[in-house]
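Here my numbering = 1-based position in the sequence shown + 45. Ideal Cβ placement from N, Cα and C applies to all residues, glycine included.
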Amino acid sequence: MENPNLLSELEHLKISFDGTAQKLIKNLRRQEIIMARSDKRQRIEYDELQKKYDEVALLNREIEDTQREVVFMMGTIGEFRSRETGNHVQRVASYSKLFGKLIGISETDAELLKQASPLHDIGKIAIPDAILNKNGPLTNKEFETMKNHAQLGYDMLDFSDRPILKTAAIIALEHHEKYDGSGYPNALKGENIHIFGRITALADVFDALGSKRCYKEAWEDVRIFDLIKEQRGRHFDPKLVDIFFENIEVFLEIRDKFSDD
Numbered sequence: 046m047e048n049p050n051l052l053s054e055l056e057h058l059k060i061s062f063d064g065t066a067q068k069l070i071k072n073l074r075r076q077e078i079i080m081a082r083s084d085k086r087q088r089i090e091y092d093e094l095q096k097k098y099d100e101v102a103l104l105n106r107e108i109e110d111t112q113r114e115v116v117f118m119m120g121t122i123g124e125f126r127s128r129e130t131g132n133h134v135q136r137v138a139s140y141s142k143l144f145g146k147l148i149g150i151s152e153t154d155a156e157l158l159k160q161a162s163p164l165h166d167i168g169k170i171a172i173p174d175a176i177l178n179k180n181g182p183l184t185n186k187e188f189e190t191m192k193n194h195a196q197l198g199y200d201m202l203d204f205s206d207r208p209i210l211k212t213a214a215i216i217a218l219e220h221h222e223k224y225d226g227s228g229y230p231n232a233l234k235g236e237n238i239h240i241f242g243r244i245t246a247l248a249d250v251f252d253a254l255g256s257k258r259c260y261k262e263a264w265e266d267v268r269i270f271d272l273i274k275e276q277r278g279r280h281f282d283p284k285l286v287d288i289f290f291e292n293i294e295v296f297l298e299i300r301d302k303f304s305d306d
């Protein structure tokens with residue numbers, strides 16, 4: 046026999062449960078609406094922030110690109126003044142980056158080396174034309190004046206805290222140092238010469254010897270290679286000389302790509 050009190054209580058519980066469930070559903074739907082609005086607002090704010098970030102990133106890239114172009118043009122101006130070609134700085138830059146990667150410096154530093162190396166001879170703009178473009182060998186006195194371009198280049202560039210110009214200052218100062226300590230301006234020896242200076246020294250000499258200048262004709266490859274081998278451990282870092290000959294075809298491809306012809 047059914048218990049009327051029990052049935053009444055169950056019906057009451059069902060009504061109470063249905064009411065509570067409806068309230069919960071209503072609250073959850075309200076919460077979903079609030080969250081959806083909040084998510085939409087957050088997405089809008091995020092999109093606006095992302096847009097601003099992209100604009101800043103683009104501006105930074107434009108600044109960096111402009112800086113690289115200015116540095117390259119400065120290097121090219123220095124070469125034009127000494128009646129050399131802009132392709133010389135392009136080749137030296139490419140050789141230098143290749144050397145950097147092959148000897149194991151980071152990709153960032155190798156690219157920095159490439160971008161800064163065009164300024165290796167920027168100090169020559171302060172050397173008198175009569176010495177800079179003299180047809181024939183320099184006298185001892187004239188050569189001493191010419192040697193000043195390394196320190197002059199450093200002094201021109203070292204004022205800046207920008208990495209590309211700091212690197213260029215090191216290269217300008219040290220690319221005429223020699224591995225055996227007989228170079229200038231500070232007679233640095235071995236690994237006391239910054240790796241950027243050691244790399245640019247070999248890259249610059251390799252290209253200069255193979256190029257026609259006001260004071261000489263271009264050398265043939267065999268003669269260039271013989272001199273580089275002879276100067277291993279004297280003028281040039283022996284590790285870099287070994288890298289050069291182990292990868293000679295790649296260096297020659299760069300030379301052909303940026304030929305003066």
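If you count every other CB in all the chains shown that lies within 10 Å of the CB of residue i, and 16 or more means buried, which is it?
i: residue 139; result: buried
i: residue 175; result: exposed
i: residue 188; result: exposed
i: residue 306; result: exposed
i: residue 232; result: exposed
i: residue 142; result: buried
i: residue 162; result: buried
i: residue 66; result: exposed
i: residue 222; result: buried
i: residue 290; result: exposed
i: residue 198; result: buried
i: residue 60; result: exposed
i: residue 267; result: exposed
i: residue 181; result: exposed
i: residue 302; result: exposed
Can you tell me which of the options puts its alpha carbon nearest to the alpha carbon of residue i?
i: residue 178; options: 196, 193 and 261; result: 261
i: residue 192; options: 205, 209, 210 and 220; result: 220
i: residue 157; options: 210, 166 and 182; result: 210
i: residue 238; options: 279, 252, 206 and 273; result: 279
i: residue 213; options: 164, 250 and 295; result: 164
i: residue 241; options: 203, 304, 215 and 228; result: 215
i: residue 296; options: 251, 263 and 81; result: 251
Per DSSP, residue i is paired with what?
i: residue 261; result: 258
i: residue 277; result: 281
Is the CB of residue i under 8 Å away from at least one CB in chain D?
i: residue 199; result: Within the model displayed, chain D is absent; a lone protein chain is all it includes.
Check: Can you find at least 3 beta carbon pairs, one from the stretch 136-153 and one from the stretch 285-295, that sit closer than 8 Å?
Finding: yes
Checklist line | Contained alpha helix (DSSP H) runs [length at least 4] in the stretch 196-224, N- to C-terminal order | finding: 208-219
Note to self: Extract the residue ranges of the alpha helix (DSSP H) inside the stretch 126-169, only unbroken runs of 4 or more that lie entirely within it.
What the structure shows: 131-148 and 152-161
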